[in-house]
Amino acid sequence: MGFYEERIFPWMCDKMMDAPPMARLTRAALADVAGDVLEIGFGSGRSLAFYTGDITRLTALEPSEGMTARARARIAEAPFPVELVPGAGERLPFDDERFDAVVLVFTLCSVSDPAQVIKEAKRVLKTDGRLHFVEHVASRHPRHRRWQERLNPLQRAFACGCNLNRDPLAIAQDAGLHVELGTHDIQPDFPMFPTLFPVSRCVAVKRA
Ligand SMILES: C[S@@+](CC[C@H](N)C(=O)[O-])C[C@H]1O[C@@H](n2cnc3c(N)ncnc32)[C@H](O)[C@@H]1O
Numbered sequence: 025m026g027f028y029e030e031r032i033f034p035w036m037c038d039k040m041m042d043a044p045p046m047a048r049l050t051r052a053a054l055a056d057v058a059g060d061v062l063e064i065g066f067g068s069g070r071s072l073a074f075y076t077g078d079i080t081r082l083t084a085l086e087p088s089e090g091m092t093a094r095a096r097a098r099i100a101e102a103p104f105p106v107e108l109v110p111g112a113g114e115r116l117p118f119d120d121e122r123f124d125a126v127v128l129v130f131t132l133c134s135v136s137d138p139a140q141v142i143k144e145a146k147r148v149l150k151t152d153g154r155l156h157f158v159e160h161v162a163s164r165h166p167r168h169r170r171w172q173e174r175l176n177p178l179q180r181a182f183a184c185g186c187n188l189n190r191d192p193l194a195i196a197q198d199a200g201l202h203v204e205l206g207t208h209d210i211q212p213d214f215p216m217f218p219t220l221f222p223v224s225r226c227v228a229v230k231r232a
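In terms of the working numbering, the sequence shown is residues 25 to 232.
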């Protein structure tokens with residue numbers, strides 16, 4: 025990883041993710057999360073402020089050292105135990121059926137293989153455990169979608185592999201999770217290019 029990925033992008037990411045629209049979306053997505061929780065793509069630990077449920081333990085998986093360097097100060101202030109684990113969501117270093125909940129916050133856009141990450145998330149969830157995510161996704165509006173396709177190479181280069189054109193809700197359904205809450209095309213009140221970043225929220229259960 026180079027200077028841009030490890031130093032500049034984590035700083036930029038923090039600035040963007042701390043913006044009020046992102047904070048509102050994250051707060052809503054994490055409000056009902058509880059128990060022994062895994063967050064994949066923990067980044068700089070921005071999510072910690074938004075867990076308001078009864079968290080017994082948070083396992084925070086993150087591959088970027090630049091991100092985790094920023095996360096450490098936030099972890100030190102967390103009101104529940106947090107274990108930082110280096111690694112990627114495509115290959116989770118955890119036993120089957122370990123967690124009550126798995127969380128992803130604006131991360132499935134950036135992983136190499138989102139279907140594999142959701143498959144792994146399902147594997148490590150207990151039966152009746154829940155996957156919670158909030159992600160920016162492919163638009164269902166054809167004109168906006170075309171712009172997402174055109175600009176995707178630029179977005180990938182600028183934002184360290186982040187894609188504008190993914191549909192994680194469909195991936196969760198294809199993985200056999202039961203979607204309890206699946207909202208698509210939430211238009212966030214971003215000051216710039218909101219139509220490029222429609223947001224999807226999902227709560228999906230692993231059934232027996
Ligand atoms: C846009 S940032 C979001 C970070 C954090 N979730 C937040 O909301 O502030 C995407 C994160 O996904 C992480 N990431 C990229 N590829 C990953 C992978 N294969 N598995 C897990 N995390 C990954 C990146 O390092 C980065 O921290």
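For every residue, glycine included, the Cβ atom is placed at its ideal position computed from N, Cα and C.
As the structure is a computational prediction, the values presented were derived from the model and not from experiment.
Supposed contact pair residue j and residue i - C-beta distance, whole angstroms, cut 8 Å
i, j, result
"V57", "A84", "Not confirmed; about 13 Å, so no contact."
"A145", "I195", "About 10 Å; that fails the 8 Å criterion."
"T76", "A43", "Going by Cβ atoms, the distance from T76 to A43 rounds to 20 Å, so no, they are not a contact pair."
"C133", "N176", "So it is not a contact: roughly 10 Å between Cβ atoms."
"A53", "R164", "So it is not a contact: roughly 20 Å between Cβ atoms."
"V126", "L201", "Not quite, the Cβ-Cβ distance comes to about 10 Å (not below 8 Å), so this is no contact."
For residue j and residue i, the rounded distance between their alpha carbons
i, j, result
"R51", "V129", "10 Å"
"D60", "R154", "11 Å"
"L72", "H208", "24 Å"
"P110", "A232", "30 Å"
"D119", "D38", "31 Å"
"K230", "L149", "7 Å"
"E121", "K143", "12 Å"
"L49", "D137", "24 Å"
"M46", "L220", "14 Å"
"R70", "E101", "12 Å"
"P218", "A181", "19 Å"
Residue i Cβ short of 7 Å to ligand 1 heavy atom set
i, result
"V135", "yes"
"P87", "yes"
"E107", "no"
"T83", "no"
"E30", "no"
"I142", "no"
"G26", "no"
"R96", "no"
"C37", "yes"
"P114", "Residue identity check: residue 114 is Glu in the sequence provided, not Pro. Checking every heavy atom of ligand 1 against the Cβ of E114, one is found closer than 7 Å."
"C186", "yes"
"I64", "yes"
"R70", "yes"
"M41", "yes"
Residues that residue i bridges to, as DSSP identifies them
i, result
"H186", "Note that residue 186 is Cys in the sequence shown here, rather than His. The partner list for C186 (beta bridge, DSSP) is empty, contrary to what the question assumes."
"L82", "V61, V106"
"E159", "S224"
"V229", "R154, H202"
"F123", "L149"
"I210", "V223"
Beta-carbon proximity check, residue i vs residue j, cutoff 8 Å
i, j, result
"H160", "V223", "yes"
"F104", "R81", "yes"
"Q211", "N189", "no"
"A95", "L108", "yes"
"L193", "G185", "no"
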